[in-house]
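Chemist: Under my numbering, think of the first position of the sequence shown as 6, with each following residue one higher. From the three backbone atoms N, C-alpha and C, an ideal C-beta is built for every residue, glycine too. This structure is a prediction, so every number in the text was calculated from the model and none was measured.
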Amino acid sequence: MIATGQGCRSVGSIELDYAVPSADLAEYITLFYDFSADVPMLEDVERADYAQLRFHLSPGQAVYAFPDGSAQEAPDAHVLGPTSGPRSVRVAGPVAVFGMGLTAAGWSAMIGADASTMLNRVIDAAPLFGAARLQGVADALRESPGVGPRVGICEALVRDLLHNVDPHYADFIRHVDAWLAGSPSPEMECLIAATGLSRRQIERKCNILYGAPPKVLARKYRALRAAVAMRGGEEGIADAVDRGFYDQSHMIREVKHFTGLTPRQIRAEPGLLSQLTISHRSALGGVVSPLISDT
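1. Could you pull the start and end residues of the alpha helix (DSSP H) that residue 165 belongs to?
2. So, with DSSP's three-state summary, where would you put residue 66?
3. Could you have a look at residue 11 and say whether DSSP puts it in helix, strand or coil?
4. I'd like to confirm the pairing. Which residues does DSSP put opposite residue 134 in its beta bridges?
5. For residue 76, I'd like the list of residues in its chain whose CB is within less than 8 Å of its CB, leaving aside the five on either flank, ordered along the chain.
6. Go through the segment 100-145 residue by residue and report every complete run of the beta strand (DSSP E) that reaches 3 residues or more, in order.
7. Find out if the Cβ-Cβ distance for the pair residue 283, residue 267 is shorter than 8 Å.
8. Quick one: what does DSSP say residue 38 is sitting in, helix, strand or coil?
9. Nearest to residue 164 by CA position, among 20, 21, 33, is which residue?
10. Count the CB pairs spanning the segment 25-42 and the segment 284-300 that are closer than 8 Å, and state whether there are at least three.
11. Cα separation between residue 178 and residue 109?
12. With DSSP as the reference, label residue 290 as helix, strand or coil.
13. Would the beta-carbon of residue 73 fall within 8 Å of that of residue 213?
14. Out of 39, 269, 231, state which residue places its alpha-carbon closest to the alpha-carbon of residue 60.
15. Which same chain residues end up closer than 6 Å to residue 235 when comparing Cβ atoms and leaving out the 5 residues on each side of it in sequence?
16. So residue 262 and residue 228 are in contact, right, with Cβ under 8 Å, and what is the actual spacing, rounded?
17. To the nearest angstrom, how far is the alpha carbon of residue 159 from that of residue 220?
18. Assuming residue 326 is part of the alpha helix (DSSP H), what are its boundary residues?
19. Would you identify the three-state DSSP class for residue 31, choosing helix, strand or coil?
20. Once DSSP output is grouped into helix, strand and coil, what is the label at residue 25?
21. How would you call residue 169, buried or exposed, if buried means at least 16 neighbouring beta carbons within 10 angstroms?
22. Give the single residue among 250, 195, 161 whose Cα lies nearest to the Cα of residue 27.
23. Rounded to the nearest angstrom, what separates residue 281 and residue 88 at their Cα positions?
24. Which of the three DSSP states is assigned to residue 59 in this structure?
25. Would you check if the segment 178-193 and the segment 140-151 touch, i.e. whether three or more CB-CB distances between them fall below 8 Å?
26. Taking residue 233 as the reference, give the member of 260, 217, 207, 209 with the closest Cα.
27. How would you write the range of the beta strand (DSSP E) that residue 246 sits in, first residue to last?
28. Compare the Cα-Cα distances from residue 297 to each of 54, 45, 125, 112 and report the closest residue.
29. Can you tell me whether residue 132 is buried or exposed, with buried defined as 16 or more other CB within 10 angstroms of its CB?
30. How long is the line joining the alpha carbons of residue 211 and residue 217, rounded to whole angstroms?
31. Residue 76 by DSSP, collapsed to three states: which one?
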């Protein structure tokens, strides 16, 4: 049974709908999403996030600009590596995209490469998964409008691609996810105790699976959680400082580093993608991991 983000949400001519993966895929996929924008040109900013697998179903060329200043054109079926900061996207409209977020376990099982080598990069999915297979999926997605049918198509694809499930990595990922979710500013010593690994071993595995070392991951999720809380009205700017930041200036710098927006912009005038993403994910609180719903 597919659980959606409590209905399709829209801002003007832009619509976004989320769906929760089936139970057997929840370890590998964060959420599925169906996005459309009936505009001549879409230009917006996406926050730091999980890796993504996306199918661009409309003809306009998409270009991503990453935090390191690089810009890359995106093939119709592409993988976005994990991101360490905001990325901008520019695509000629009208726009139609169906995609999914990849957890660290999903990255390991479906792609298997060192995630740190693909940080802030877009990769052609065809050499990874087969051009004919992906073309068949894209054709089926175009012929099956609506998030429910499209989720079914992509869940079949994911099950077909789960060929590299490593139980040792799975245990490590559960420890890291629990560490990130358990505190707004988690201590490295707690992760060392939970895993029984050395600091260097943990950093190496986090780079391979998440694309970044644990301290950067902790900073990323702390900033994203603060941004969501401020956007949702749960906290003011002064309140968010208590989420493990040194002071208000530190909080502002960190939030902008990972979202591209200052706290005041998040509260008053977030971009359309940020606005829709935050409202949808927040609506799934209690249904998905807090690392998804709270960020």
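Modeler: In short:
1. Indexing the sequence shown from 1 puts residue 165 at position 160. Segment 152-166, the alpha helix (DSSP H) holding residue 165.
2. Along the sequence shown, read from residue 1 onward, the residue named residue 66 stands at position 61. Coil.
3. Taking the sequence shown and counting its residues from 1, the one referred to as residue 11 is at position 6. Residue confidence for residue 11 is low, a pLDDT of 48 falling below 50, so the modelled location carries little weight and cannot support an answer.
4. Within the sequence shown, residue 134 is the residue found at index 129, counting from 1. The partner list for residue 134 (beta bridge, DSSP) is empty, contrary to what the question assumes.
5. Counted from its first residue, the sequence shown places residue 76 at position 71. Cβ within range, chain order: 68, 69, 70.
6. 100-107, 127-129
7. Here residue 283 corresponds to residue number 278 of the sequence shown, with the count starting at 1. Here residue 267 corresponds to residue number 262 of the sequence shown, with the count starting at 1. For residue 283 and residue 267, no; Cβs fall outside 8 Å.
8. Here residue 38 is taken as the residue at index 33 of the sequence shown, counted from 1. Residue 38: strand per DSSP, three-state reduction.
9. Counting from one through the sequence shown, the residue named residue 164 turns up at place 159. Minimum Cα distance to residue 164 is reached at 33.
10. yes
11. As a position in the sequence shown, residue 178 is number 173, starting the count at 1. As a position in the sequence shown, residue 109 is number 104, starting the count at 1. Cα-Cα distance, rounded: 7 Å.
12. One-based indexing of the sequence shown puts residue 290 at position 285. Correct three-state label for residue 290: strand.
13. Translated into the one-based positions of the sequence shown, residue 73 becomes position 68. Translated into the one-based positions of the sequence shown, residue 213 becomes position 208. Not closer than 8 Å, so no.
14. What you label residue 60 is simply residue 55 of the sequence shown in a count that begins at 1. Closest by alpha carbon: 39.
15. For the purposes of this step, residue 235 is identified with residue 230 of the sequence shown, where counting begins at 1. Cβ within range, chain order: 245, 268, 271, 272.
16. Position 257 of the sequence shown, counted from the start, is the residue given in the question as residue 262. Position 223 of the sequence shown, counted from the start, is the residue given in the question as residue 228. Yes, residue 262 and residue 228 are in contact; Cβ-Cβ is about 7 Å, under 8 Å.
17. Along the sequence shown, one-based indexing puts residue 159 at 154. Along the sequence shown, one-based indexing puts residue 220 at 215. Taking the straight line joining both Cα atoms gives about 33 Å.
18. This structure leaves residue 326 out entirely; the chain is present only between 6 and 300.
19. Looking up residue 31 in the sequence shown gives position 26. In the structure shown, residue 31 sits in coil (DSSP, three-state: anything other than H, G, I, E or B).
20. Here residue 25 corresponds to residue number 20 of the sequence shown, with the count starting at 1. Strand at residue 25.
21. On the sequence shown, position 164 is the one that residue 169 refers to. The residue is exposed, with fewer than 16 neighbouring Cβ atoms inside 10 Å.
22. By one-based count along the sequence shown, residue 27 stands at place 22. Checked all of 250, 195, 161; the closest Cα to residue 27 is 161.
23. The residue you call residue 281 lines up with position 276 of the sequence shown. The residue you call residue 88 lines up with position 83 of the sequence shown. One C-alpha to the other measures close to 19 Å.
24. Position 54 of the sequence shown, counted from the first residue, corresponds to residue 59. In the structure shown, residue 59 sits in a strand (DSSP, three-state: E or B).
25. no
26. For the purposes of this step, residue 233 is taken as the residue at position 228 of the sequence shown. Closest option to residue 233, Cα to Cα, is 260.
27. If you number the sequence shown from 1, residue 246 lands on position 241. Unbroken run through residue 246: none, as it is neither H nor E.
28. The residue given as residue 297 occupies position 292 in the sequence shown. Checked all of 54, 45, 125, 112; the closest Cα to residue 297 is 54.
29. Taking the sequence shown and counting its residues from 1, the one referred to as residue 132 is at position 127. The residue in question, residue 132, is exposed, as its Cβ has fewer than 16 Cβ neighbours within 10 Å.
30. As a first step, residue 211 must be located in the sequence shown, where it is residue number 206. As a first step, residue 217 must be located in the sequence shown, where it is residue number 212. Cα to Cα, residue 211 sits roughly 6 Å from residue 217.
31. Residue 76 sits at position 71 when you count from the first residue of the sequence shown. Residue state, collapsed to three classes: strand.
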